[in-house]
Amino acid sequence: GSTIGILGGGQLGRMLSVAAARLGFRTHIYEPAANPPAGDVAHRVTTAPYSDEAALRAFADSVDVITYEFENVPTAALDLLEAAKPIRPNRRALAVSQDRLEEKAFLTSLGLTVAPYRSVDTLADLEAALHGVGTPAILKTTRLGYDGKGQARISDEAQAPEAFAAMNGQPAVLEGFVNFTHEVSVIAARGLDGSVAAYDPGENVHLEGILHTTTVPARLNAGQRTDAVLLAARILNALDYVGVLGVELFVTPDLLIVNEIAPRVHNSGHWTQNGCTVDQFEQHIRAIAGWPLGDGSRFADVEMENLIGHEVARVPAISVEKNAALHLYGKGEARPGRKMGHVNRILKPAD
Ligand code: ATP
Ligand code: MG
Ligand code: MG
Numbered sequence: 171g172s173t174i175g176i177l178g179g180g181q182l183g184r185m186l187s188v189a190a191a192r193l194g195f196r197t198h199i200y201e202p203a204a205n206p207p208a209g210d211v212a213h214r215v216t217t218a219p220y221s222d223e224a225a226l227r228a229f230a231d232s233v234d235v236i237t238y239e240f241e242n243v244p245t246a247a248l249d250l251l252e253a254a255k256p257i258r259p260n261r262r263a264l265a266v267s268q269d270r271l272e273e274k275a276f277l278t279s280l281g282l283t284v285a286p287y288r289s290v291d292t293l294a295d296l297e298a299a300l301h302g303v304g305t306p307a308i309l310k311t312t313r314l315g316y317d318g319k320g321q322a323r324i325s326d327e328a329q330a331p332e333a334f335a336a337m338n339g340q341p342a343v344l345e346g347f348v349n350f351t352h353e354v355s356v357i358a359a360r361g362l363d364g365s366v367a368a369y370d371p372g373e374n375v376h377l378e379g380i381l382h383t384t385t386v387p388a389r390l391n392a393g394q395r396t397d398a399v400l401l402a403a404r405i406l407n408a409l410d411y412v413g414v415l416g417v418e419l420f421v422t423p424d425l426l427i428v429n430e431i432a433p434r435v436h437n438s439g440h441w442t443q444n445g446c447t448v449d450q451f452e453q454h455i456r457a458i459a460g461w462p463l464g465d466g467s468r469f470a471d472v473e474m475e476n477l478i479g480h481e482v483a484r485v486p487a488i489s490v491e492k493n494a495a496l497h498l499y500g501k502g503e504a505r506p507g508r509k510m511g512h513v514n515r516i517l518k519p520a521d
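Numbering (my numbering), first residue to last: 171 to 521.
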C-alpha cells in the first residue's frame, strides 16, 4: 500500500491518520513536538524540527504524497519537500492562507467580500487605519494566529497603543468589526480531476475566539446556501486546489463576508464524522490520493461541541448520553484553551 506523509501531528493529523488507515493507507507524521496526538494512530512518526534537512529528506523519501494539518510550515522546508514529492493542497493555497493580507487580496480578486481592512506595521499606521475603518475593530497579526491568538479588539481609538503593543512587533492587519447575525463555514473538497463536492454549511459559535459549537443545518435561506457553496467552489478552482478546504463566513442581512480560509480539514467540519457517509477526513485522503471524491451528503442534523481544557471532565456524563459520539484526542494535560476532544450529537435524521 502507499504511504501518506502528514506535516503536523495534532488532532487533525490523528483523525486524518484514522481515515487513511480505513482506506488501507499508512501515514507518516512529521512533527517537531514530542508525543504528538497523531503518533498513537500513525504508522510512523518523525520528531524533528522543520529546519532538519536530513529528517525532511528521509520523510519525503518514505512517502508517496505529502499533506498537512498545520498551515504554518516554513517555506524552506516546503521547498525541500516539494522537490521530492507532491504536496497537496499546493504551495499557493498554503501561501495565501498563511498571510491574512495575501488572503484578503486573493479573495477580493475573486470578487468576494471581506471585512474592511488596512495593513499595520507601525502605531502611526494603526491610528491612520482606525480613521479608515472606524471602531470597533480587530487588530490581528498577519501570520501565525489561530484560536483567536494574536488578536486585540479595539472599541475606542485610545486603545490603539495597547493593541499595537499586543502584536509584539509583528506585521498586523486591522479589520473593521463585522456586525454579523451569525457565523457559518463551508467545508468543501476538490479532487485531482477538478471535481468539487461541498458539505452542507454549518453554523459556528465561538467563545473567546475559539470554536465552541457547529450545528447543521445552519440558518441560511436557499440563496445564501447556494452562495456559500459557490464561493467555496470558486476559491477551490482559483487555487487549483486538491483536498479539503474550510471557508469561514460572516452572515449579514445583505451578503456573506469571508472571514478566512483554512487549507485543510477544519474543526467546523468534525460533525461530518457522524452526519455523512464520507466524512471530511476520508474526503481529504481520497482527494490527495487521487481517488474519486466520496458521497458527502448529510443524513442527520448534528451539533458538534468542542471539549476544551477542563470541559473534558464532562466525558463520563457525555459517554452515557444517547445519540452522542465522542471523539477524544489522547492528549494528556487539560490546559486552558487546549482542544481535548469533541462530541457529535445526532439531533434527528436530516429532512
Ligand atoms: P481560527 O484560525 O482558529 O479559526 P483565528 O485566530 O484565525 O482562528 P479568526 O477566525 O480571525 O481567528 O477570528 C476568530 C473569531 O473572532 C471569528 O470567528 C469571529 O467570531 C471573531 N472575529 C474575527 N474577526 C472579526 C471581524 N472582523 N468582525 C467580527 N468578528 C470577528
Ligand atoms: Mg485562522
Ligand atoms: Mg477563524
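Positions of the beta carbon are idealized from the N, C-alpha and C atoms, including for glycine.
query = Who does L381 pair with in a DSSP beta bridge?
reply = H376
request  = Leaving aside the five residues before and after A190 along the sequence, list all residues of the same chain whose C-beta is less than 6 Å from its C-beta, in chain order.
outcome  = I174, T197 and I455
Buried or exposed (CB count within 10 angstroms, at least 16 for buried), A204 = exposed
query = Who are F420's beta bridge partners in DSSP?
reply = E353 and I427
query = So, using beta-carbon positions, are V421 and L477 closer together than 9 Å?
reply = no
inquiry  = With a threshold of 9 Å between beta-carbons, can P519 be considered close to chain B, or not?
reply    = Going by chain labels, chain B is absent from the structure shown, which holds only one protein chain.
query = Buried or exposed: V188, going by 16 or more other Cβ atoms within 10 Å of its Cβ?
reply = buried
task = Pull up the distance between the alpha-carbon of A392 and that of D465, whole angstroms please.
result = 21 Å
query = Given a threshold of 16 other Cβ atoms within 10 Å of its Cβ, counted over all protein chains shown, does P433 qualify as buried or as exposed?
reply = buried
ask   = Can you tell which of E332, G339, P286 and Q329 has its C-alpha closest to the C-alpha of T311?
value = G339
task = Reducing DSSP to helix, strand and coil, say where T173 ends up.
result = strand
key: N- and C-terminal bounds of the beta strand (DSSP E) containing N407   = Unbroken run through N407 is the alpha helix (DSSP H), A392 to A408; no beta strand (DSSP E).
message = Please tell me whether, using a cut-off of 8 Å, the distance from the CB of H376 to the nearest non-hydrogen atom of ligand 1 is below it.
response = yes
task = With a threshold of 16 other CB atoms inside 10 Å of the CB of R270, please say whether the residue is buried or exposed.
result = buried
Best match in E491, A265, E239 and V235 for proximity to L251 [C-alpha to C-alpha] = V235
query = Taking 8 Å as the cut-off, is the CB of E418 close to at least one heavy atom of ligand 3?
reply = yes
key: N-terminal and C-terminal residue of the alpha helix (DSSP H) that K274 is part of   = R270 to S279
ask   = Assuming S438 and T384 make a contact with CB atoms under 8 Å, what is their CB distance in whole Å?
value = 4 Å
inquiry  = On the CB-based measure, 16 or more other CB atoms within 10 Å of its CB, does T216 come out buried or exposed?
reply    = buried
ask   = CB of I308 to nearest heavy atom of ligand 1: below 8 Å?
value = yes
query = Hey, is N242 close to ligand 3, as in C-beta under 8 Å from one of its heavy atoms?
reply = no
request  = On the DSSP bridge assignment, give the partners of N476 in chain order.
outcome  = H512
ask   = From P207 to Y220, what distance separates their C-alpha atoms?
value = 18 Å
task = Could you spell out where the alpha helix (DSSP H) holding E297 opens and where it closes?
result = L293 to V303
ask   = Does ligand 3 have even one heavy atom less than 8 Å from the beta-carbon of N429?
value = yes
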